[in-house]
Amino acid sequence: MKVTVVSRSGREVIKGGLELNDSATVAELQEAIHKRTKKFYPSRQRLTLPLPPGSKERPTVLSYKKSLKEYCDGNSGNLTVVFKDLGPQVSYRTLFFFEYVGPLLLYPVFYYFPVYQFLGYKGERVIHPVQTYALYYWCFHYFKRIMETFFVHRFSHATSPVSNVFRNCAYYWTFGAYIAYYVNHPLYTPVSDLQMKIGFGFGVLCQISNFYCHILLKNLRSPDGTGGYQIPSGFLFNIVTCANYTTEIYQWLGFNIATQTVAGYIFLAVAFFIMTNWALAKHRRLKKLFDGKDGKPKYPRRWIILPPFL
Ligand SMILES: NC(=O)c1ccc[n+]([C@@H]2O[C@H](COP(=O)([O-])OP(=O)(O)OC[C@H]3O[C@@H](n4cnc5c(N)ncnc54)[C@H](OP(=O)(O)O)[C@@H]3O)[C@@H](O)[C@H]2O)c1
Numbered sequence: 099m100k101v102t103v104v105s106r107s108g109r110e111v112i113k114g115g116l117e118l119n120d121s122a123t124v125a126e127l128q129e130a131i132h133k134r135t136k137k138f139y140p141s142r143q144r145l146t147l148p149l150p151p152g153s154k155e156r157p158t159v160l161s162y163k164k165s166l167k168e169y170c171d172g173n174s175g176n177l178t179v180v181f182k183d184l185g186p187q188v189s190y191r192t193l194f195f196f197e198y199v200g201p202l203l204l205y206p207v208f209y210y211f212p213v214y215q216f217l218g219y220k221g222e223r224v225i226h227p228v229q230t231y232a233l234y235y236w237c238f239h240y241f242k243r244i245m246e247t248f249f250v251h252r253f254s255h256a257t258s259p260v261s262n263v264f265r266n267c268a269y270y271w272t273f274g275a276y277i278a279y280y281v282n283h284p285l286y287t288p289v290s291d292l293q294m295k296i297g298f299g300f301g302v303l304c305q306i307s308n309f310y311c312h313i314l315l316k317n318l319r320s321p322d323g324t325g326g327y328q329i330p331s332g333f334l335f336n337i338v339t340c341a342n343y344t345t346e347i348y349q350w351l352g353f354n355i356a357t358q359t360v361a362g363y364i365f366l367a368v369a370f371f372i373m374t375n376w377a378l379a380k381h382r383r384l385k386k387l388f389d390g391k392d393g394k395p396k397y398p399r400r401w402i403i404l405p406p407f408l
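The sequence shown begins at 99 in the working numbering and counts up one residue at a time.
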């Protein structure tokens with residue numbers, strides 16, 4: 099089979115095209131492109147079918163698992179594919195690891211080291227119990243996230259653009275340092291003992307629930323990440339589509355009830371905004387995938403993220 103690889107402007111990316119076996123898969127085509135270009139390893143490549151000139155439709159993206167024949171449309175001898183360079187990629191595990199390791203390491207710096215003296219504070223620093231518990235709570239949260247990244251989540255996307263590492267690290271690292279600065283500040287005023295206990299108690303319960311939600315999501319896929327998207331069910335998923343985001347939001351609420359800083363509540367508001375948008379998209383996708391037609395199950399009626407509001 100002759101495969102012609104062109105750019106979006108129609109320029110030939112591989113001079114003279116590629117000769118592949120008739121039974122070759124898209125993955126094999128990607129390997130063949132990599133061999134000829136060196137720079138464009140498979141996860142950097144996005145291959146689509148060409149569209150007629152002026153078409154406003156979305157192009158069909160070639161799945162690496164499928165055979166090239168499936169995209170040939172009867173003319174099995176020739177195939178033209180459109181190549182796009184997605185730029186340097188990192189695995190999702192690497193992306194998440196760098197996101198979470200920042201807050202995990204930065205927060206204790208404000209607790210253990212004389213940061214405030216260095217910043218000009220002259221008085222003695224008295225550490226309140228709530229500041230110590232907040233350190234444990236915070237570190238447990240990010241340690242849990244790193245462990246889940248490596249041992250629980252079954253990602254469907256292999257990689258993400260390197261630029262996302264910088265964007266996501268800027269978000270998590272900046273908020274981590276911002277909250278740590280205020281919670282550990284020598285002039286920090288603790289809340290009452292009862293409020294602290296309610297906040298942390300509720301927060302820990304939500305963190306455990308969040309972990310259980312991730313286990314339920316993990317069980318929807320096989321270990322190699324295949325299985326696509328399924329209807330999550332069991333525990334809070336019977337009521338809300340994104341129970342994992344719901345418990346994540348509530349565990350930050352627990353942390354904020356116990357520590358009570360403006361910085362913490364700003365982070366909660368931003369995280370709520372981000373996760374609400376993602377939850378809406380995930381809810382729409384599940385409703386579209388499971389529309390009850392052609393023998394597919396119908397997605398049941400559920401809240402999206404925060405019953406009874408959304
Ligand atoms: N504080 C914050 O600002 C913030 C923001 C976002 C997330 N988080 C936390 O980080 C966690 C991970 O978030 P995330 O958005 O990366 O992932 P996610 O949507 O919570 O999903 C976790 C894993 O489950 C898979 N999954 C989700 N829905 C599925 C379904 N219906 N069928 C099969 N598999 C499914 C995902 O697959 P895919 O690989 O296909 O997505 C992913 O591998 C969240 O649950 C939350 O605790 C925090």
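All residues carry an ideal CB built from backbone N, CA and C; glycine is no exception.
Check your understanding: Based on Cα-Cα distance, which residue from V179, L387 and I355 lies nearest to V159?
Key -> Ranking the options by Cα distance to V159, first place goes to V179.
Review point. Are there 16 or more other CB atoms within 10 angstroms of the CB of Y198, so buried, or fewer, so exposed?
Key: That one is buried.
Check your understanding: Less than 8 angstroms between the CB of R243 and some heavy atom of ligand 1, yes or no?
Key -> R243 Cβ: within cutoff of ligand 1.
Review point. With respect to 8 angstroms, is the separation between the Cβ of T345 and the closest non-hydrogen atom of ligand 1 below this value?
Key: T345: yes, Cβ under 8 angstroms from ligand 1.
Practice item. Report yes if the C-beta of K380 is less than 8 angstroms from at least one heavy atom of ligand 1; otherwise report no. Key: Correct: K380 has its Cβ closer than 8 angstroms to ligand 1.
**Study point:** Sub-9 angstroms separation of W271 and L217 beta-carbons
**Key:** Contact: no.
Practice item. Could you tell me the boundaries of the beta strand (DSSP E) in which S178 lies? Key: It is Thr, not Ser, that sits at residue 178 in the sequence shown. Segment N176 to D183, the beta strand (DSSP E) holding T178.
Exercise for review: Determine the burial state of H255: buried for a count of at least 16 other Cβ atoms within 10 Å of its Cβ, exposed for fewer.
Suggested key: Looking at its Cβ environment, which holds fewer than 16 other Cβ atoms inside 10 Å, H255 is exposed.
Review point. Would the beta-carbon of Y231 fall within 9 angstroms of that of A361?
Key: Going by beta carbons, Y231 and A361 fall outside the 9 angstroms limit.
Practice item. Please name the residue in G323, V338, N336 and M99 whose C-alpha comes closest to that of G114. Key: Out of G323, V338, N336 and M99, M99 has the C-alpha closest to the C-alpha of G114.
Point to revise | Distance cut-off 8 angstroms: Q187 Cβ against heavy atoms of ligand 1 | key: Answer for Q187: no, Cβ out of range of ligand 1.
Exercise for review: Run the CB neighbour count on W376, radius 10 Å, all protein chains shown included, and call it buried at 16 or more, exposed below.
Suggested key: That one is exposed.
**Study point:** Any non-hydrogen atom of ligand 1 closer than 8 angstroms to G141 Cβ
**Key:** Going by the sequence as given, residue 141 is Ser instead of Gly. Checking every heavy atom of ligand 1 against the Cβ of S141, none is found closer than 8 angstroms.
Exercise for review: With R383 as the anchor, note down where its alpha helix (DSSP H) starts and where it stops.
Suggested key: From DSSP, the alpha helix (DSSP H) with R383 extends over V360 to L387.
Practice item. Specify, as a first and last residue, the run of the alpha helix (DSSP H) that V188 falls within. Key: It is not in any alpha helix (DSSP H) - V188 instead sits in the beta strand (DSSP E) that spans Q187 to S189.
Review point. Between A125 and K163, is the Cβ-Cβ spacing less than 9 angstroms?
Key: The answer is yes: Cβ separation under 9 angstroms.
Review point. For the stretch 244 to 301, which segments carrying the beta strand (DSSP E) assignment without a break, of at least 3 residues, lie completely within its bounds, in sequence order?
Key: The beta strand (DSSP E) runs of length 3 or more contained entirely in the stretch 244 to 301 are, from start to end of the chain, 257 to 259.
**Study point:** Integer Cβ distance of R233 from Y209, believed to fall under 8 angstroms
**Key:** Inspection of the sequence shows that residue 233 is occupied by Leu rather than by Arg. The distance from the Cβ of L233 to that of Y209 is about 5 angstroms, consistent with a contact at the 8 angstroms cut-off.
Check your understanding: Quick one: what does DSSP say E155 is sitting in, helix, strand or coil?
Key -> DSSP places E155 in coil when its eight states are reduced to three.
Point to revise | Identity of the residues DSSP links to V213 by a beta bridge | key: Looking at the DSSP output, V213 bridges to nothing.
Exercise for review: Going by CA-CA distance only, name the one from P157, A268 and F371 that's closest to E346.
Suggested key: For E346, the nearest C-alpha among the options comes from F371.
**Study point:** Residue of D322, V281, N342 and D291 minimising C-alpha distance to Y310
**Key:** When only C-alpha atoms are compared, the closest one is N342.
Exercise for review: Answer yes or no: the CB of C170 versus the heavy atoms of ligand 1, is any distance below 8 angstroms?
Suggested key: No, Cβ of C170 sits at least 8 angstroms from all heavy atoms of ligand 1.
Check your understanding: Which residues share a DSSP beta bridge with T146?
Key -> Under the DSSP definition of a beta bridge, T146 partners with V159 and V180.
Check your understanding: CA-CA distance, K394 and K385?
Key -> The straight-line gap from Cα to Cα measures roughly 11 angstroms.
Practice item. Please indicate yes or no: does the CB of C267 lie closer than 8 angstroms to some heavy atom of ligand 1? Key: Proximity of the beta carbon of C267 to ligand 1 is not indicated: no heavy atom of the ligand is located closer than 8 angstroms.
Review point. Cβ of R191 within 8 angstroms of any heavy atom in ligand 1?
Key: In this structure, R191 has its beta carbon at no less than 8 angstroms from each heavy atom of ligand 1.
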